[in-house]
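*Asks:* The structure that follows is given in the form of structure tokens.
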Amino acid sequence: MIFFLKKNIYALMFLSMIFWGVAWTSAKIVNEYNIGFYNLVFLRFFFGALALTPLLFFDSKGFRIQLSSLKYIIPSAILFLLYNISFFMGTYYGYAGKGAVFATTTNPIITLIIMIIITQKIKKMEILGIFMGFIGGVIIMDIFNQGIANLITIENIFFPLCSIIWGTMTVLVSYGQKNSNPLQFIFYCYIITTILTLPFTNLGSINTNILDTRFYLNFFIVSIASMSFGTSIYLYSTTLIGPIKSSAFIFSVPFIALSAAHFVLDEPVFFSTIIGGIICLSATYIVNIKKS
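Heads up: the sequence shown begins at 4 in the working numbering, then just goes up one per residue.
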């Protein structure tokens, strides 16, 4: 399993970004059923951990984990909780597509700043790619015409929080997984996040009679496809290709998210979206290009 992941990490990362992009639209849809933010987070991580369980059975190390890893797992789990609350609240109050653009294009900038602070060497091509990704996001959001104040509203305030939290977690997880089995690390992050959410959860308040195929399909995308598969692959990749390059893949999410929001939620897509999306995808290539 680990050999397969290492060999196909770039293809798996691309597929993960597709699920991540669509997940913003799916989160908007599941929020329409008003089952509660904490209930959504609890169910997301519960089923996310459940989906990873079979993989650990086939892993050589199984469920055994060193206690020393908890110093990274517990803070990561707390950040998971904070991020997902912001994620569901953001997609509830704001626009899924544009929120995805803001959160995902600024996240690598946060990661870069943190990595510079802790003195990791940064290559010029990585800095160029991250800068291009940020510019692409600015163009997609049409900030030059609408102004940055449009982002700092009750509809969008949760997306900057998503960016800061995820950027911090990316670096933390990359260090935590250096001496831990990636699948085990992620599995226990999900378990602890589920436990942390439990005191705020009230599953009895959910009206299951209104939950239809549309809800279950989109919840599957939010929990299994984007988190169990997508997030797990992303976090595992930070140990293989580094947190900077892993974060750079996120630049493809804005274009995917806006496209999904347009076709499913009927959100408008402008010419600036296409141009910015191309720049973001180019940034992903530049950051991951190998010197001969």
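Where a beta carbon is used, it is the ideal one built from N, C-alpha and C, also for glycine.
1. So the candidates are Tyr98, Ile138, Gln187; which of them puts its Cα closest to the Cα of asparagine 110?
2. Going along the chain, which unbroken runs of the beta strand (DSSP E) with 3 or more residues stay wholly within the stretch 74-150?
3. If you count every other CB in all the chains shown that lies within 10 Å of the CB of alanine 14, and 16 or more means buried, which is it?
4. Which residues in the same chain have their Cβ closer than 7 angstroms to the Cβ of phenylalanine 252, if we skip the five residues on either side of it in sequence?
5. What do you get for glycine 207, buried or exposed, if any count of 16 or more other CB atoms within 10 angstroms of its CB means buried?
6. Between methionine 298 and the rest of its own chain, which residues show a CB-CB distance below 7 angstroms, the 5 nearest in sequence each way excluded?
7. Going by DSSP in three states, threonine 3 sits in which element: helix, strand or coil?
8. Is the CB-CB distance between proline 257 and threonine 107 below 8 angstroms?
9. Does valine 272 come out as helix, strand or coil in the three-state DSSP assignment?
10. Name the two residues that bound the continuous alpha helix (DSSP H) containing tyrosine 237.
11. Excluding sequence positions up to five away, which residues of its chain have a Cβ less than 7 angstroms from the Cβ of isoleucine 38?
12. Checking 8 angstroms against the spacing of the C-beta atoms, do valine 174 and isoleucine 117 come in under that value?
13. Work out the CA separation of leucine 73 and leucine 243 for me, nearest whole Å.
14. Expressed to the nearest angstrom, what Euclidean distance is found between the alpha-carbon atoms of asparagine 182 and leucine 201?
15. Could you tell me the distance, in whole angstroms, from the CA atom of asparagine 184 to the CA atom of isoleucine 68?
16. Within 10 angstroms of its Cβ, does serine 71 collect 16 or more other Cβ (buried), or is it exposed?
17. Residues in the same chain with beta-carbon distance under 6 angstroms from lysine 294, minus the five sequence neighbours each way, listed in chain order, please.
18. Helix, strand or coil: how does DSSP classify phenylalanine 66 here?
19. Judging by CA-CA distance, which residue of Leu268, Tyr237, Asp269 is the nearest neighbour of isoleucine 12?
20. Where phenylalanine 300 and tryptophan 169 are concerned, what is the direct C-alpha to C-alpha distance, given to the nearest angstrom?
21. Between the beta-carbon of isoleucine 195 and the beta-carbon of isoleucine 119, is there less than 8 angstroms?
22. Within a Cβ cutoff of 8 angstroms, which residues of the same chain sit near arginine 217, ignoring the five residues on either side of it in sequence?
23. I think asparagine 159 touches glycine 100, with their Cβ atoms under 8 angstroms apart; what is that distance to the nearest whole Å?
24. What number of angstroms, rounded off, separates the C-alpha of leucine 85 from the C-alpha of isoleucine 213?
25. Quick check: is the beta carbon of phenylalanine 190 nearer than 8 angstroms to any beta carbon in chain B?
*Replies:* Taking the geometry as given:
1. As a working note, residue 110 is residue 107 in the sequence shown. Looking at the Cα atoms, Ile138 is the closest of the given residues.
2. none
3. On the sequence shown, position 11 is the one that residue 14 refers to. Answer is exposed; the Cβ neighbour count stays below 16.
4. Counting from 1 along the sequence shown, the entry for residue 252 is found at position 249. Excluding residues within five positions, the ones whose Cβ falls inside 7 angstroms are Met16, Met20, Thr287.
5. Taking the sequence shown and counting its residues from 1, one reaches residue 207 at position 204. Under this definition glycine 207 is an exposed residue.
6. One cannot answer for residue 298 here, as it falls past the ends of the chain, which runs 4 to 295.
7. In this structure the chain extends from 4 to 295, so residue 3 is not present and cannot be described.
8. As a working note, residue 257 is residue 254 in the sequence shown. As a working note, residue 107 is residue 104 in the sequence shown. It is a contact, given that the beta carbons lie within the stated cut-off.
9. Locating residue 272 in the sequence shown gives position 269, counting from the first residue. Three-state result, valine 272: coil.
10. The sequence position of residue 237 within the sequence shown is 234, counting from 1. Start and end: 235-243.
11. Along the sequence shown, one-based indexing puts residue 38 at 35. Around isoleucine 38: Ile209.
12. Sequence index remark: in the sequence shown, residue 174 carries index 171 (1-based). Sequence index remark: in the sequence shown, residue 117 carries index 114 (1-based). Going by C-beta atoms, valine 174 is nearer than 8 angstroms to isoleucine 117.
13. For the purposes of this step, residue 243 is identified with residue 240 of the sequence shown, where counting begins at 1. For the purposes of this step, residue 73 is identified with residue 70 of the sequence shown, where counting begins at 1. Computed Cα separation, rounded: 21 angstroms.
14. Within the sequence shown, the letter at position 179 stands for residue 182. Within the sequence shown, the letter at position 198 stands for residue 201. If you take the alpha carbons of asparagine 182 and leucine 201, they lie about 29 angstroms apart.
15. Position 181 of the sequence shown, counting from 1, holds the residue named residue 184. Position 65 of the sequence shown, counting from 1, holds the residue named residue 68. Roughly 8 angstroms separates the two Cα atoms.
16. Locating residue 71 in the sequence shown gives position 68, counting from the first residue. When all chains shown are included, serine 71 counts as exposed.
17. Indexing the sequence shown from 1 puts residue 294 at position 291. Because lysine 294 sits at a pLDDT of 42, beneath the cut-off of 50, its placement in the model cannot be relied upon, and the following sentence gives the value as read from the coordinates. Cβ within range, chain order: n/a, list empty.
18. Position 63 of the sequence shown, counted from the first residue, corresponds to residue 66. Coil, per DSSP.
19. Counting from one through the sequence shown, the residue named residue 12 turns up at place 9. Checking every option, the nearest Cα to that of isoleucine 12 belongs to Tyr237.
20. In this structure the chain extends from 4 to 295, so residue 300 is not present and cannot be described.
21. Indexing the sequence shown from 1 puts residue 195 at position 192. Indexing the sequence shown from 1 puts residue 119 at position 116. No.
22. Looking up residue 217 in the sequence shown gives position 214. Ile32, listed in sequence order.
23. Walking along the sequence shown from the start, residue 159 turns up at place 156. Walking along the sequence shown from the start, residue 100 turns up at place 97. Going by Cβ atoms, the distance from asparagine 159 to glycine 100 rounds to 12 angstroms, so no, they are not a contact pair.
24. Translated into positions along the sequence shown, residue 85 becomes position 82. Translated into positions along the sequence shown, residue 213 becomes position 210. Distance between the alpha carbons of leucine 85 and isoleucine 213: 28 angstroms.
25. As a matter of chain content, chain B is missing from the structure shown, which is built from one protein chain.
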